[in-house]
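For the sequence shown, my numbering begins at 14 and goes up steadily by one.
For glycine and all other residues, C-beta sits at the position ideal for the given N, C-alpha and C.
Nothing here was measured: the structure is a model prediction, and the numbers come from that model.
Working notes, structure below.
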Amino acid sequence: MRSSGGVTMQRHDRHGRDCAIGAGPTAKREAGLKFIETPSPNFDDRSLPITMIVLHYTGMQDGASAIARLRDPEAKVSSHYLVEEDGTVLRMVAEDKRAWHAGKSHWRDVDDVNSASIGIEIVNPGHEFGYRPFPPEQIASVVQLVAEIKDRHEITRGNIVGHSDIAPVRKRDPGELFPWHELARRRLALPRPTKNLMDPGWTEGGFCLALERFGYDVENRMAATMAFQRRFRPELVDGEVDAECRCILLALLLPKPMGDD
């Protein structure tokens with residue numbers, strides 16, 4: 014931030030972010046990515062080590078509305094990062110702090126997902142306001158950001174998840190249009206299995222036990238099944254357990270009990 018005659022000159026851009034006059038938005042470059050510092054007051058202290066990354070879509074009409082909400086003390090929501098549609102990355106909460114992005118959620122043996130995770134909001138109107146594909150430049154930034162966080166905290170691929178994975182009853186984001194394959198081909202997320210396995214023939218109850226073993230909260234069987242489909246069989250999200258779903262889940266469980274590297 015520049016100063017003139019000892020006086021700090023500051024303005025706000027169209028998103029309400031602080032930036033220095035004549036210098037554009039205040040930015041910081043670390044580990045290759047350029048961040049715009051856009052602090053949110055909505056955080057507290059962690060009680061668990063960082064072992065997860067949770068991807069969200071903002072689900073609001075535009076990015077400016079999402080940024081305003083994530084910075085609103087009354088809203089009591091936040092994320093560590095937000096990635097705009099043009100690929101711009103905003104840093105809103107320091108990684109060593111507990112952002113409030115996950116809500117009531119569960120993944121594997123973790124119930125306080127906020128304490129164990131880094132939250133990334135990805136600007137997209139979502140299902141309520143006109144869900145649409147994510148632009149390539151946005152996904153390129155998401156990929157780079159996830160890669161840096163994964164390396165920094167030694168996070169396993171099986172713990173890089175979507176909001177719907179950890180809260181299947183409440184959430185659908187980042188949704189069936191999110192290109193998980195772009196992360197998977199860079200070993201940043203679990204891929205959709207391509208093995209041709211024999212259908213294990215699980216009943217719905219057996220499928221849910223396998224889902225629970227993989228990491229999902231299966232209190233609501235249909236919601237958990239749909240979350241799994243959004244992630245690993247996005248072309249058909251109907252909540253029905255079929256042979257394809259059973260084979261995909263079996264393949265995910267085979268390499269290791271938790272399906273990781």
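Discussion item. Taking the straight line between their C-alpha atoms, what separation do you get for F142 and G72?
Written reply: 7 Å
Practice prompt. Give the straight-line distance between the Cα atoms of P206 and E217, rounded to the nearest whole angstrom.
Written response: 21 Å
Worksheet item: Since E141 is in the alpha helix (DSSP H), which residue starts that stretch and which ends it?
Response: G139 to F142
Worksheet item: What's the gap between the Cα of A107 and the Cα of F48?
Response: 12 Å
Worksheet item: Considering only C-alpha positions, which residue in the set L222, E225 and V159 is nearest to V102?
Response: V159
Worksheet item: Can you give the Cα-Cα distance for P187 and M211, rounded to whole angstroms?
Response: 30 Å
Discussion item. According to DSSP, S130 sits in a beta bridge with which residue or residues?
Written reply: M65
Worksheet item: Between which two residues does the beta strand (DSSP E) containing I49 stretch?
Response: L46 to E50
Worksheet item: Roughly how many angstroms lie between the CA atoms of P62 and P52, to the nearest whole one?
Response: 22 Å
Worksheet item: How is R121 classed by DSSP in three states: helix, strand or coil?
Response: coil
Item to complete: Have a look at L203 and N55 and give me their C-alpha separation to the nearest angstrom.
Response: 31 Å
Worksheet item: In whole angstroms, what separates the C-alpha of I66 from that of H140?
Response: 22 Å
Worksheet item: With a Cβ-Cβ cutoff of 8 Å, do R82 and Y94 count as a contact?
Response: no
Practice prompt. With DSSP as the reference, label G175 as helix, strand or coil.
Written response: strand
Worksheet item: Contact check, G175 vs L68 under 8 Å by CB: the rounded distance?
Response: 5 Å
Discussion item. For F241 and D178, I'd like the C-alpha separation in whole angstroms.
Written reply: 7 Å
Worksheet item: Going by alpha carbons, who is nearest to E225 out of Q157, P247, L262 and F191?
Response: L262
Practice prompt. May I ask you to report which of helix, strand or coil DSSP gives I34?
Written response: Here I34 scores only 27 on pLDDT, less than 50, and its place in the model should not be relied on; the value that follows carries that caveat. If DSSP states are grouped into helix, strand and coil, I34 belongs with coil.
Discussion item. Taking the straight line between their C-alpha atoms, what separation do you get for W215 and R259?
Written reply: 7 Å
Worksheet item: Is there contact between the region 111–118 and the region 77–91, where contact requires at least three CB pairs shorter than 8 Å?
Response: yes
Item to complete: Flag this pair as yes or no: are the beta carbons of G76 and V156 separated by less than 8 Å?
Response: no
Practice prompt. Would you kindly work out how many angstroms separate the C-alpha atoms of P146 and L222, rounded to a whole number?
Written response: 32 Å
Worksheet item: Comparing alpha-carbon positions, which option in R246, P213 and P247 lies nearest Q267?
Response: Note on residue identity: the sequence assigns Leu, not Gln, to residue 267. Checking every option, the nearest Cα to that of L267 belongs to P213.
Worksheet entry | N-terminal and C-terminal residue of the alpha helix (DSSP H) that V182 is part of | No alpha helix (DSSP H) holds V182; DSSP gives it neither H nor E.
Item to complete: Using 10 angstroms around the beta-carbon of E97, count the other beta-carbons present and answer buried if the total reaches 16, otherwise exposed.
Response: buried
Worksheet entry | Local conformation of I168 per DSSP, three classes | coil
Discussion item. Could you compute how far the alpha carbon of K163 sits from the alpha carbon of T64?
Written reply: 9 Å
Discussion item. Tell me the DSSP secondary structure of V102 in three-state form.
Written reply: strand
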